[in-house]
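Trainee: First residue of the sequence shown: 147, per our numbering; consecutive thereafter.
Ideal Cβ placement from N, Cα and C applies to all residues, glycine included.
Have a look at the structure that comes next, please.
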Amino acid sequence: MGSGHSTAVVLAFYGIGRWIQPRLRARGHGPTLDTLAGWHSRMSRLGALHSLHALRTIQSLPLYGSRQQRETIDMMIVRVQRETDPARHDLYR
């Protein structure tokens, strides 16, 4: 399956979601949709955090990454952690 086909499939799912969402809300499913959106948001941030930790590990290998790249990744990790848990103000180490 080429990239053009996968793009068309993604756009079709997006279009269906945009079409069905107001209809589900009109039928009283708004709280369920809000719960699902909150879950998706948390899982997306958690996935981003895991990916950044993996990238940080790779950049820590000798002769592979630079100190500046590691510092940038550390800043990104702290930002995602703060979005995930606003009470958390520690630095990544």
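Return helix, strand or coil for residue 224, following the three-state DSSP convention.
Mentor: Three-state DSSP puts residue 224 in a helix.
Trainee: Between which two residues does the alpha helix (DSSP H) harbouring residue 176 extend?
Mentor: Start and end: 176 to 205.
Trainee: If you draw a straight line from the alpha carbon of residue 213 to that of residue 229, how long is it in whole angstroms?
Mentor: Each residue's alpha carbon lies about 25 angstroms from the other.
Trainee: Excluding the 5 residues preceding and the 5 following residue 155 in the sequence, name in chain order all residues of the same chain whose CB lies nearer than 7 angstroms to its CB.
Mentor: Cβ neighbours of residue 155 beyond the five flanking positions: none.
Trainee: If we count the other Cβ atoms within 10 Å of its Cβ and call it buried at 16 or more, is residue 161 buried or exposed?
Mentor: Counting Cβ neighbours within 10 Å, residue 161 comes out exposed, since fewer than 16 surround it.
Trainee: Is it right to say residue 209 is buried, meaning 16 or more other beta carbons lie within 10 angstroms of its own, or is it exposed?
Mentor: Answer is exposed; the Cβ neighbour count stays below 16.
Trainee: Under the three-state reduction of DSSP, which class applies to residue 211: helix, strand or coil?
Mentor: Residue state, collapsed to three classes: coil.
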